[in-house]
Every structure is written in C-alpha cells, then in structure tokens.
Amino acid sequence: MDALVQEVNGVATANHSCGHDPHSTIVLFLALAIASSGIRPKLTLRLIFQPAEEKGEGDLQMINDGAFENVTYLHALIYGMKILINTVILAAEEEKFTIKI
775 MDALVQEVNG
785 VATANHSCGH
795 DPHSTIVLFL
805 ALAIASSGIR
815 PKLTLRLIFQ
825 PAEEKGEGDL
835 QMINDGAFEN
845 VTYLHALIYG
855 MKILINTVIL
865 AAEEEKFTIK
875 I
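Residue numbers (my numbering): 775 to 875.
As structure tokens, this is what we get:
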C-alpha cells in the first residue's frame, strides 16, 4: 500500500517510519469494518490515501484531480514522529460521531 522506496542512508532499517504503516492500517481497517458491518451509510464515504506525500506535492495533485469535489465533511488523520509523546493536537470539529467495531 505504501510503495515507499527503500531509503539507502547507511541506517540498518528499510524505511524512515514517518507514519505510512499506521495510516494504511487505520484506513484499510475502517474500510473493512464498514464493508463487513452490513450497515450502509446514508452518505457517500471516500477513504483517501494521499499520493506523493513525501515530496509535498500530493495535496495539490488531489485537489487538481477533483478528489474533494462534492465533499461536505472532511476528516483527516495525521500521525508522525514530529509530534511529542503526551502531546494532544486539537482541531475544529463541527460534527461528532462514533465508530463501533
């Protein structure tokens, strides 16, 4: 899912662990949970993976490709090593919802 090329930098790991694995796992599991629940949402749900995130170009590419056309609500996920442990990030929220698994 990630398709991240092996980073060759003299370090003994094959990736730079910036959050791709948790992002992919969370979004794919959400898709599986919704699909297997038998519940059909009364709205269209798009689960989007951002391309070219590493180069900082994917967001504009997605906008230009129409990924956000006709979107009423947008919830984003960010996970990375730059956020300190025990730090909470707060953002504006207009609607609350619960996901039961």
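Glycine included, every Cβ here is placed at the ideal spot set by N, Cα and C. Here the structure is a predicted model, which means the values were calculated and not measured.
Using 10 angstroms around the beta-carbon of residue i, count the other beta-carbons present and answer buried if the total reaches 16, otherwise exposed.
{"i": "residue 849", "result": "exposed"}
Please state whether DSSP places residue i in a helix, a strand or coil.
{"i": "residue 841", "result": "coil"}
{"i": "residue 803", "result": "helix"}
{"i": "residue 875", "result": "coil"}
{"i": "residue 809", "result": "helix"}
{"i": "residue 835", "result": "helix"}
{"i": "residue 797", "result": "helix"}
Just to confirm, is the Cβ distance from residue i to residue j under 8 Å?
{"i": "residue 801", "j": "residue 821", "result": "yes"}
{"i": "residue 834", "j": "residue 797", "result": "no"}
{"i": "residue 808", "j": "residue 819", "result": "yes"}
* Indicate whether the contact test is met: 3 or more Cβ pairs, each with one atom in the segment 797-817 and one in the segment 828-845, closer than 8 Å. => The count of Cβ pairs closer than 8 Å, one atom from the segment 797-817 and one from the segment 828-845, stays below three, leaving the stretches out of contact.
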